[in-house]
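Note that the UniProt record's numbering has the sequence shown beginning at 1, numbered continuously upward. Think of the CB as a built atom: it goes at the ideal place given N, C-alpha and C, for glycine as much as any other residue. Okay, structure first, notes after.
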Amino acid sequence: MLLHQPFGDYYGAYRALEKLYKEGKLRAIGVSNFYPDRLSDIVAFNEITPQVNQVETHPLNQQIFAQENMIKNKVQIES
1 MLLHQPFGDY YGAYRALEKL YKEGKLRAIG VSNFYPDRLS DIVAFNEITP
51 QVNQVETHPL NQQIFAQENM IKNKVQIES
């Protein structure tokens with residue numbers, strides 16, 4: 001399940017996903033459209049690292065910095 005865009009209480013929403021994951025109700029947790037700073041916050045302040053970050057990438061918008069950040073945080077890019 002993906003948490004779409006880091007607005008509002010996204011920490012609380014992510015913790016709810018973590019709880020469902022620990023209960024075995026979800027097989028994977030991911031995020032969508034999280035910029036590098038927000039993704040790093042989620043990784044640093046939660047127990048479970050998102051397995052994926054779904055972001056827009058294409059030849060004209062490769063988001064190199066975001067991709068490097070995902071590699072550093074061991075989060076798979078989904079585009």
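Applying the criterion that 16 or more other CB atoms from any shown protein chain within 10 Å of the CB defines a buried residue, is residue i buried or exposed?
i     : result
Phe34 : buried
Asn53 : buried
Ala28 : exposed
Pro6  : buried
Leu39 : buried
Which partner residues of residue i appear in the DSSP bridge assignment?
i     : result
Gln76 : Val52
Val31 : Leu3 and Asn53
Could you work out which residue in the options is closest to residue i when comparing CA atoms only?
i     : options                       : result
Gly12 : Lys22, Asn46, Thr57 and Asn73 : Asn46
Asn69 : Val43, Pro59, Ile48 and Leu60 : Val43
Gln76 : Lys25, Val31 and Asp41        : Val31
Measuring only the C-alpha atoms, how far is residue i from residue j?
i     : j     : result
Glu78 : Val55 : 6 Å
Asp37 : Lys22 : 25 Å
Pro50 : Leu17 : 10 Å
Asn61 : Leu3  : 22 Å
Tell me whether residue i sits in a helix, a strand or coil according to DSSP, three-state version.
i     : result
Asn46 : coil
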